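2 protein chains.
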Amino acid sequence: MKAIGADGAFKLEDGNYFYEFDKEKPTPKNRELLVKIKAISVNPVDTKIRQTEPSEAPRVLGFDAVGIVEAMGDEVELFNLGDEVYYSGSPEYPGSNETFQLVDERVVARKPSNLSYNEAASLPLTALTASETLFDVFKISDKPEENKTKTLLIINGSGGVGSIATQIAKGYGLNVITTASREETKEWSYQMGADLVLDHNNDLAEEFRQHELNEVDYTFCTFNSDMYYETMIELTKVRGTIATIVAFNDKQDLNLLKSKSITLTHEYMYSRLIHQAEDIIQHHRYLTDVTEKVERGLYQPTVNEVLDGLSAENLYTAHQKLESNQMIGKLVINLESEED
Amino acid sequence: MKAIGADGAFKLEDGNYFYEFDKEKPTPKNRELLVKIKAISVNPVDTKIRQTEPSEAPRVLGFDAVGIVEAMGDEVELFNLGDEVYYSGSPEYPGSNETFQLVDERVVARKPSNLSYNEAASLPLTALTASETLFDVFKISDKPEENKTKTLLIINGSGGVGSIATQIAKGYGLNVITTASREETKEWSYQMGADLVLDHNNDLAEEFRQHELNEVDYTFCTFNSDMYYETMIELTKVRGTIATIVAFNDKQDLNLLKSKSITLTHEYMYSRLIHQAEDIIQHHRYLTDVTEKVERGLYQPTVNEVLDGLSAENLYTAHQKLESNQMIGKLVINLESEED
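For the protein sequence lines, the chains are A and B, in the order given.
Here the first sequence stands for residues 1 to 340, where the numbers follow the numbering used here.
Here the second sequence stands for residues 341 to 680, where the numbers follow the numbering used here.
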């Protein structure tokens with residue numbers, strides 16, 4: 001089987017150190033599935049891990065994947081051979097930039113039957129990040145009518161996570177305000193269901209005043225935690241919650257949270273996996289809920305660009321596009337033309 | 341009526357700048373009660389506010405009070421004249437270091453009928469801080485059987501807040517580990533219901549290993565947030581929650597929260613009041629629940645020392661004792677010998 005890897009950390013401006021190599025097709029055991037991959041998507045976290053030293057070489061990056069169950073361990077309960085599935089895997093396994101991959105069934109769900117492989121590949125990592133943020137961090141109700149009076153602010157609504165977080169939040173009854181700057185990103189965010197898109201080139205507190213908006217219940221930062229730290233506290237209600245998925249560059253003053261007793265979480269969708277939480281199966285449940293909502297036409301895929309074929313060149317191009325910070329929605333690489 | 345105030349910020353080593361003065365008895369309006377005070381307790385927050393410049397002079401400090409409803413505004417719904425009540429008030433009103441005080445009925449509850457004034461005075465501020473932390477921050481269930489598998493770590497279990505937080509947490513079914521250092525504080529914390537008291541003179545992570553303890557669901561810091569920041573993250577479970585009520589002296593690295601997606605709240609029990617939250621009445625509800633539990637014998641008062649009479653001298657002595665950081669439970673000043 002084929003895989004794309006790299007032997008060390010590298011920056012894109014130093015050249016393309018990804019290369020293709022052969023590896024032996026692994027054998028699934030216990031609750032593992034072996035999946036023949038049909039499409040993958042590339043996420044910002046891939047570009048960050050690429051710049052860290054691997055513990056063994058070559059390292060295969062990639063989380064999101066869609067494919068067909070080709071073999072399974074003897075404790076698998078949730079799937080059958082031939083099932084079409086999607087998932088965003090785990091840092092504990094080699095990544096999805098390969099033609100066959102092992103994955104623990106507890107983080108996998110059935111692929112939405114009304115989506116293409118490319119469309120389905122755009123969803124798992126971002127949908128799981130958004131689901132954990134909404135349900136585990138903000139603890140929103142699973143009854144949409146109970147969320148009608150609640151408002152969520154998403155800093156950067158048009159990226160991968162912002163795009164699906166907007167849809168899930170709307171699906172569960174929240175009011176959603178997002179931010180964007182360019183005309184095309186504003187339009188995209190409205191397409192994802194945002195009730196109002198503010199311009200993050202302007203001061204957000206001033207934008208709130210101009211639109212006569214009250215402080216929000218929940219604030220979700222998907223872009224530059226340092227820049228927005230004080231603003232998020234200002235725009236969040238007393239006893240409200242802030243979540244970020246973006247690492248800080250600077251230390252911050254936690255006393256600023258005190259006056260409004262604000263809660264802050266650094267959300268990380270692999271925390272359950274790397275710390276072997278008892279409820280890892282929550283990923284299967286969240287993703288299954290996404291599948292159901294997609295099949296009912298409530299959520300739409302967020303793919304915006306597709307590259308054809310798993311190659312070192314395509315992977316390098318994908319990383320370049322993600323590091324440009326200009327991405328709208330998700331970038332997918334299709335593997336349907338790959339040989340077995 | 342009599343009040344104790346000070347005209348400016350002062351440190352105890354510069355002398356006693358508290359003084360007694362006469363003021364006119366105020367008239368309650370809307371939802372206000374005028375309470376004839378029978379006992380007050382002194383809290384660490386009083387010593388901190390004393391060291392800040394007042395916006396007007398003389399400033400009357402104090403939050404906790406127990407007394408009798410002497411007059412009421414025309415919108416009062418929850419109380420009658422002559423009711424015995426207790427509360428920890430609001431920074432929006434003059435404090436409780438006086439013989440009559442105005443208070444909004446939404447933060448007041450009926451005094452437990454089986455407690456003396458001194459005993460009741462020990463509870464409101466600490467019980468409200470503990471209740472907000474347990475229910476609003478940790479979001480524990482109000483059904484004790486649903487909390488049986490959850491564990492709370494309280495850094496400094498023998499202080500005012502730690503003492504009542506231990507009791508409420510036990511009352512609602514949690515397992516409670518506390519920390520203390522001296523023999524008498526350890527014994528006190530066990531009396532409050534702690535399942536295990538660790539020695540915070542030792543490294544707490546090492547104490548956890550020696551007692552073969554797992555990471556906890558919730559960590560509550562009532563002493564030195566900077567010193568315990570990294571340790572609390574280490575000892576808290578993936579997707580667990582940390583609350584502190586102690587201001588930080590240093591900025592902190594929020595990226596340390598990421599690996600376990602840990603949530604952190606800077607709890608402040610006056611945030612609802614100073615930001616005029618819609619659910620200020622939650623204080624009435626929390627305190628009413630404490631009254632019921634005390635009357636059923638489930639919680640005990642935390643008073644450990646009583647000074648007799650509202651005087652500048654007694655208040656200065658109380659502030660000295662609190663600033664020694666040696667307090668066990670609560671210090672109360674009794675006003676029953678005061679004239680009308």
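The beta carbon of each residue, even a glycine, is placed where N, CA and C say it ideally should be.
Bear in mind the structure is a predicted one, so any value in this text is a computation, not a measurement.
- Closest option to leucine 662 (chain B), judged by alpha-carbon separation, among B:Ser381, B:Pro452, B:Glu570: B:Ser381.
- A straight line joining the alpha-carbon of leucine 196 (chain A) with that of threonine 178 (chain A) spans about 6 angstroms.
- Residues of chain A whose Cβ lies closer than 7 angstroms to the Cβ of histidine 615 (chain B) are, in chain order, Val238, Lys260.
- The beta carbon of glutamine 252 (chain A) falls within 8 angstroms of a beta carbon belonging to chain B, placing the residue at that interface.
- In the pairwise beta carbon analysis, the stretch 193 to 212 of chain A is classified as not touching the stretch 134 to 143 of chain A: fewer than three pairs are separated by under 8 angstroms.
- Where glycine 160 (chain A) is concerned, there is no enclosing beta strand (DSSP E), although the alpha helix (DSSP H) around it starts and stops at 160 to 171.
- Near chain B, meaning a CB-to-CB distance below 8 angstroms, the residues of the stretch 104 to 133 of chain A are Glu132.
- The C-beta separation of lysine 2 (chain A) from glutamate 98 (chain A) comes to about 7 angstroms, placing the pair in contact by the 8 angstroms criterion.
- Contact check between the stretch 71 to 86 of chain A and the stretch 1 to 17 of chain A: fewer than three CB pairs, one atom from each, fall below 8 angstroms, which does not count as touching.
- For glutamate 438 (chain B), the nearest beta carbon of chain A is not closer than 8 angstroms to its own beta carbon.
- Counting the other CB atoms within 10 Å of its CB gives threonine 489 (chain B) a total below 16, which places it among the exposed residues.
- Per DSSP, the beta bridge partners of alanine 71 (chain A) are A:Leu34.
- Three or more beta-carbon pairs separated by less than 8 angstroms link the stretch 520 to 533 of chain B to the stretch 491 to 510 of chain B, which places the two stretches in contact.
- The stretch 294 to 303 of chain A makes no contact with the stretch 266 to 274 of chain A, as fewer than three CB pairs between them are under 8 angstroms.
- Within the stretch 579 to 616 of chain B, the runs of alpha helix (DSSP H) at least 4 residues long that lie entirely inside it are, in chain order, 611 to 614.
- Here the alpha carbon of serine 436 (chain B) sits roughly 41 angstroms from the alpha carbon of histidine 211 (chain A).
- Between threonine 603 (chain B) and threonine 581 (chain B), the C-beta spacing is below 8 angstroms.
- Taking the Cα of phenylalanine 220 (chain A) as reference, the smallest distance to any Cα among A:Ala243, A:Glu234, A:Ile280 is reached at A:Ala243.
- It is roughly 16 angstroms from the alpha-carbon of tyrosine 19 (chain A) to the alpha-carbon of isoleucine 333 (chain A).
- The Cβ neighbour count for glycine 429 (chain B), taken over all protein chains shown within 10 Å, is at least 16; the residue is labelled buried.
- Contact with chain A is absent for phenylalanine 548 (chain B), since none of that chain's Cβ atoms lies less than 8 angstroms from the residue's Cβ.
- Secondary structure at leucine 307 (chain A): strand, using DSSP grouped into helix, strand and coil.
- DSSP places threonine 562 (chain B) outside any alpha helix (DSSP H), giving it a letter other than H or E.
- For the stretch 40 to 84 of chain A, the continuous beta strand (DSSP E) assignments of 3+ residues that do not extend past its boundaries occur at 65 to 72, in sequence order.
- Taking a contact to require three or more Cβ pairs closer than 8 angstroms, the stretch 284 to 295 of chain A and the stretch 105 to 119 of chain A qualify as touching.
- In the same chain as isoleucine 389 (chain B), and ignoring 5 residues on each side of it, the C-beta atoms closer than 7 angstroms to its own belong to Leu401, in chain order.
- Its chain contains Phe588, Asn589, Asp590 as the residues whose beta carbon lies nearer than 7 angstroms to that of aspartate 566 (chain B), once the 5 sequence neighbours on both sides are disregarded; these appear in chain order.
- Residue environment analysis places phenylalanine 100 (chain A) among the buried positions, since at least 16 neighbouring C-beta atoms fall within 10 angstroms of its C-beta.
- Against chain A, the CB of valine 385 (chain B) has no partner CB under 8 angstroms away; the residue lies outside that interface.
- For serine 611 (chain B), the residues of chain A that pass the 7 angstroms Cβ criterion are Val238, Arg239, Ser259, Lys260, Ser261, in the order they occur in the chain.
- Between asparagine 458 (chain B) and alanine 379 (chain B) the beta-carbon gap is near 5 angstroms, inside 8 angstroms, which marks them as a contact.
- When DSSP reads this structure, glutamate 360 (chain B) sits in a beta bridge with B:Ile344.
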